[in-house]
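A.B. asks: Line by line, the protein sequences are chains V and U. The first sequence begins at 106 in this note's numbering and counts up by one. The second sequence begins at 9 in this note's numbering and counts up by one. Where a beta carbon is used, it is the ideal one built from N, C-alpha and C, also for glycine. Handing you this structure, nothing more for now.
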Amino acid sequence: GQGVEQPDNLMSVEGTFARVNCTYSTSGFNGLSWYQQREGHAPVFLSYVVLDGLKDSGHFSTFLSRSNGYSYLLLTELQIKDSASYLCAVFMPNYNVLYFGSGTKLTVEP
Amino acid sequence: DAGVTQTPRHEVAEKGQTIILKCEPVSGHNDLFWYRQTKIQGLELLSYFRSKSLMEDGGAFKDRFKAEMLNSSFSTLKIQPTEPKDSAVYLCASSHPGLGGRAEQFFGPGTRLTVL
Numbered sequence: 106g107q108g109v110e111q112p113d114n115l116m117s118v119e120g121t122f123a124r125v126n127c128t129y130s131t132s133g134f135n136g137l138s139w140y141q142q143r144e145g146h147a148p149v150f151l152s153y154v155v156l157d158g159l160k161d162s163g164h165f166s167t168f169l170s171r172s173n174g175y176s177y178l179l180l181t182e183l184q185i186k187d188s189a190s191y192l193c194a195v196f197m198p199n200y201n202v203l204y205f206g207s208g209t210k211l212t213v214e215p
Numbered sequence: 009d010a011g012v013t014q015t016p017r018h019e020v021a022e023k024g025q026t027i028i029l030k031c032e033p034v035s036g037h038n039d040l041f042w043y044r045q046t047k048i049q050g051l052e053l054l055s056y057f058r059s060k061s062l063m064e065d066g067g068a069f070k071d072r073f074k075a076e077m078l079n080s081s082f083s084t085l086k087i088q089p090t091e092p093k094d095s096a097v098y099l100c101a102s103s104h105p106g107l108g109g110r111a112e113q114f115f116g117p118g119t120r121l122t123v124l
């Protein structure tokens, strides 16, 4: 919704990496959040980015390019348990609310 | 610290019924959000309260959906009358005040609503 787009599915292999992309074209931008949601569970906050560039947080890193309306979540040294949906959400300044993308379902195979 | 709690966890309703979903935010959180989640639409914002005041009423959802927050530790979402297309998971979330704080929302386990 609100111009936040994510691919539906992504597959990768245990021990490698996965990059979950997010593009946005919203009227206003204060920052972008990433959430992980396992099947049948509520979303869990992972990261919030405001500044351009790569924010390295170990297993999860995030990249933001404000001029291009683009972000990605990078998962390294993948484990089977990383299989989940990953949601990006743009933080809008006018109403101080998050507008979520529909999420990318990541499947990590052995 | 208790997280966000929601009741009931599952609800089955007949078309035309009135249902009320309940949420208790994390203690001390000033912001409370109601979302609806479906596979097709993803997470859609229904309502947003800041310090018990309604800030966002979800536009298209105003007609049959009414969220209230009578005190800082309890909120309800009423759907009246229910329709089969309302079948979804309803999530409640809360967050701290402040710019960065509002970007980190704590979600409850959700209520799975099925309307027959």
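1) When the cut-off is 9 Å and only beta carbons count, does V:N201 lie next to chain U?
2) On the three-pair Cβ rule with 8 Å, is the region 194-206 of chain V touching the region 122-135 of chain V?
3) Mind checking whether U:K30 and U:Q45 have CB atoms under 9 Å apart?
4) When Cβ atoms are compared, which residues of the region 181-197 of chain V fall closer than 9 Å to chain U?
5) Can you check whether the C-beta of V:G106 is within less than 9 Å of a C-beta belonging to chain U?
6) With DSSP run on the structure shown, which of helix, strand or coil describes U:I27?
7) What do you get for V:L159, buried or exposed, if any count of 16 or more other CB atoms within 10 angstroms of its CB means buried?
8) Roughly how far, in whole angstroms, is the beta-carbon of V:T209 from the beta-carbon of V:P112, given that I think they are within contact range, below 8 Å?
9) Please determine, among U:S80, U:G24, U:P105, the residue with the shortest C-alpha to C-alpha distance to U:K86.
10) Specify the secondary structure class of V:I185 as computed by DSSP and reduced to three states.
C.D. replies: Here's the rundown:
1) yes
2) yes
3) no
4) L192, A194, F196
5) Bear in mind that a pLDDT of 49 at V:G106, under 50, signals an unreliable position, so the model cannot answer this.
6) strand
7) exposed
8) 5 Å
9) U:G24
10) helix
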